[in-house]
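Residues in the sequence shown are numbered from 1 upward in steps of one, following full-length UniProt numbering.
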Amino acid sequence: MQANFCLNGLSPMPAAAPVKKLSFKQQQLLLREDAILDSVNRMLAVKGYDLMTMDEVAADVGISKASLYKHFASKDALAAASMTRLLDRTLAVIAALPESLGPVDRLKEVVRWAVRTHLDDEMPLLPSTRSTIQQALITHTPYLERLSQVTETLGGWILAAQESGELSSDLPGEVILYTIYARSCDPVGNFLKMGGAFQPDEIVEYLITTTFNGLAAR
């Protein structure tokens, strides 16, 4: 926490500017945007970007299409905002991890959260190389900034785990990184969930095991 005075004890620090309170209208707009992004998040998780339409989003939120366009100028902008919010959630999960955890355990916790979110139909399908959302994302600066933060953090943990021998140093770091990213949209979890033989927590741990320990007998 920052002290109120400079370290030399002579010059007081300037008082922090008061936070400007949002007007009722501004609060309502933010709440509506959250509702819109919640709807988009669900649709991206279930249908994917290419099958999602602005008409469906407007109908799901209970607003007119014209009102939707006042918040987001296009379907691309809407999807980019949703994906950016997903990365904000990812960064919050990362920030909340106990400092006592080692790099592999940190990676496992991120994968656990991603798989649980996916099983709850709250994880947007990651854009494939063929998806038309790709162009929208690579031109959306907030998304790129957050993606860079997540990638840098996970990459650092992977490197540390390889150096300590906890993860194979024979594999390129990119292979491990994208394997971890892929768990957030892994259809294996969906198939196991639909089969009904396993509880969600069991499915999560099975995917953790196959991701980090493989399929070979130990």
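Backbone N, C-alpha and C fix where the C-beta goes; we use that ideal spot for every residue, glycine too.
The structure presented is a predicted model; accordingly, all values stated were derived computationally and were not measured.
Is the beta carbon of residue j closer than 8 Å to that of residue i?
| i | j | result |
| --- | --- | --- |
| L137 | A73 | no |
| V61 | A45 | no |
| D76 | I133 | yes |
| R116 | P200 | yes |
Could you give the C-beta distance for residue i and residue j, rounded to a whole number, given that I count them as a contact under 8 Å?
| i | j | result |
| --- | --- | --- |
| M123 | S23 | About 34 Å; that fails the 8 Å criterion. |
| R42 | T84 | At roughly 16 Å, the Cβ-Cβ gap does not stay under 8 Å, so R42 and T84 are not in contact. |
| V57 | L31 | Not really, about 16 Å apart at Cβ, beyond 8 Å. |
| L119 | G189 | 5 Å |
| P103 | A160 | 4 Å |
How many angstroms separate the CA atom of residue i from the CA atom of residue j?
| i | j | result |
| --- | --- | --- |
| Y143 | L177 | 18 Å |
| L101 | E163 | 16 Å |
| S39 | A217 | 43 Å |
| I135 | T141 | Note on residue identity: the sequence assigns Gln, not Ile, to residue 135. Going from the Cα of Q135 to the Cα of T141 covers about 12 Å. |
| F191 | F198 | 10 Å |
| L87 | I63 | 26 Å |
| G214 | I208 | 9 Å |
| K193 | S148 | 32 Å |
| W157 | L125 | 24 Å |
| K25 | S82 | 22 Å |
| A182 | T211 | 10 Å |
| I180 | E33 | 30 Å |
| D50 | D121 | 17 Å |
Less than 7 Å between the CB of residue i and some heavy atom of the ligand SAM, yes or no?
| i | result |
| --- | --- |
| G62 | As presented, the structure is devoid of all ligands, the ligand SAM included, so that no description of it is given. |
Are the segment 145-165 and the segment 88-96 touching by the rule of at least three beta carbon pairs closer than 8 Å? Inter-segment contact for the segment 145-165 and the segment 88-96 is present: three or more beta-carbon pairs are separated by less than 8 Å.
Under 8 Å, with one C-beta from each stretch per pair, do the segment 106-114 and the segment 203-217 reach the 3-pair mark? Using a C-beta cut-off of 8 Å, the segment 106-114 makes contact with the segment 203-217, since at least three inter-stretch Cβ pairs fall below that distance.
Secondary structure, alpha helix (DSSP H): runs of 4+ residues fully inside the UniProt domain "HTH tetR-type" (30-90): 54-61, 65-71, all fully within the UniProt domain "HTH tetR-type" (30-90).
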